[in-house]
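According to our numbering, the sequence shown is numbered sequentially starting from 101. Step one of this worksheet: look at the structure below.
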Amino acid sequence: MKFFGKEKIDAETAGFPKDPALVRAKEYSRKTPEENILESREKTKEKTMFGGSNEVVFIELKDDGSGIFKPADGEQRYLRDEIPHGSYYLRERAAYLINRFLNFDLVPPTIIREIEGRVGSLQQFVTDAKEGYELPEIWREDKYRNDLIKMLIFDYIIWNTDRHSGNFLVKDGKILAIDNGLSFGRDDFVSVKQCAGYEIPSAILENLKNFLGWGEGKAILKDLLLELLESEEVEACFRRLEYISKLLEGGRIPSNIEDFKFNPA
């Protein structure tokens, strides 16, 4: 029998002394309280949102809470050569999982859910946020620099082909990476380039190092991703993680952004 997520960890730890790394992996395999709200609460209202390529629905949930629903059957065809429509919603969830295991805190909680017979991704709605293009000064202000650097690294890991100033939010001085559905393919990498040459915060480097040294966590994340992506896409993602970690050992984003063009997919 093949185990995924929490069940795999429970099976491996039954009857044995608690290993801190396994306990940590067990915690990460469980859904967060925010994910449980998105998954379980009844929909009370909905409103279609316009302006994007794919269908997007704002969902209000019972007893407070709201989310952005992106149904699989509302995905536009041929947005990318190497990313089939009908899979964007799965990639949204995959991007969130990588964000969570890396402790990047960039992507709002995102789950897969069926609503009235339609399956798609449901992402926690961020209230009172602005889109990146509404803050042209964001590229010059120091308070945003660390998150911009982190988003560039994150986008490389998931091989995002659609990052622009309308695909991230800003709230309370913090950047949130949304719209991650066009990721994990083999089309051209697209992300922010304004932080080339910047020094990388030590916390980001530490997060990468800790994850790559966390065998149990890598195994669990790989299993979770294999439920969402093709095996080749998952393997390529882990190779990018190894590559970016070595590339950034000097503590700075390379001045030549072309160094981010290597994709082992």
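Think of the CB as a built atom: it goes at the ideal place given N, C-alpha and C, for glycine as much as any other residue.
{"Item": "Taking the beta carbon of E176 as the centre, do at least 16 other beta carbons fall within 10 Å, making it buried, or is it exposed?", "Value": "The identity of residue 176 in the sequence shown is Gln, whereas the question assumes Glu. So Q176 counts as exposed."}
{"Item": "Going residue by residue through the segment 241–270, where are the continuous alpha helix (DSSP H) segments of at least 4 residues, counting only ones entirely within it?", "Value": "242–258"}
{"Item": "Near T148, which residues of its chain fall below 6 Å by C-beta distance, leaving aside the five closest residues on each side in sequence?", "Value": "V157"}
{"Item": "Assuming contact is defined by CB atoms lying nearer than 9 Å, are F201 and L329 in contact in what I supplied?", "Value": "no"}
{"Item": "Given this structure, state the Cα-to-Cα distance separating Y233 from H264, to the nearest angstrom.", "Value": "8 Å"}
{"Item": "Less than 7 Å between C-beta atoms, sequence neighbours within five positions excluded: which residues of the same chain meet that for E134?", "Value": "P209 and Q224"}
{"Item": "Ends of the alpha helix (DSSP H) at I137?", "Value": "P133 to S140"}
{"Item": "Taking all protein chains shown into account, do 16 or more other C-beta atoms lie within 10 angstroms of the C-beta of Y244, making it buried, or fewer, making it exposed?", "Value": "buried"}
{"Item": "I need the DSSP call for F338, collapsed to helix, strand or coil.", "Value": "helix"}
{"Item": "Find out if the Cβ-Cβ distance for the pair A365, E332 is shorter than 9 Å.", "Value": "yes"}
{"Item": "Which of the three DSSP states is assigned to F201 in this structure?", "Value": "helix"}
{"Item": "State the start and end residues of the unbroken alpha helix (DSSP H) segment that holds S302.", "Value": "S302 to L312"}
{"Item": "Answer yes or no: do A336 and N260 have a C-beta to C-beta separation smaller than 9 Å?", "Value": "no"}
{"Item": "Rounded to whole angstroms, what is the Cα-Cα separation between Y188 and Y178?", "Value": "11 Å"}
{"Item": "So for R177, helix, strand or coil by DSSP?", "Value": "coil"}
{"Item": "From G317 to F311, what does the alpha carbon distance come to, in whole angstroms?", "Value": "7 Å"}
{"Item": "Near H185, what residues of its chain come up, given a Cβ to Cβ distance below 8 Å and the 5 sequence neighbours on each side ignored?", "Value": "E175, Q176, R177, Y178 and L179"}
{"Item": "Using the C-alpha atoms, what's the distance from F362 back to L348?", "Value": "14 Å"}
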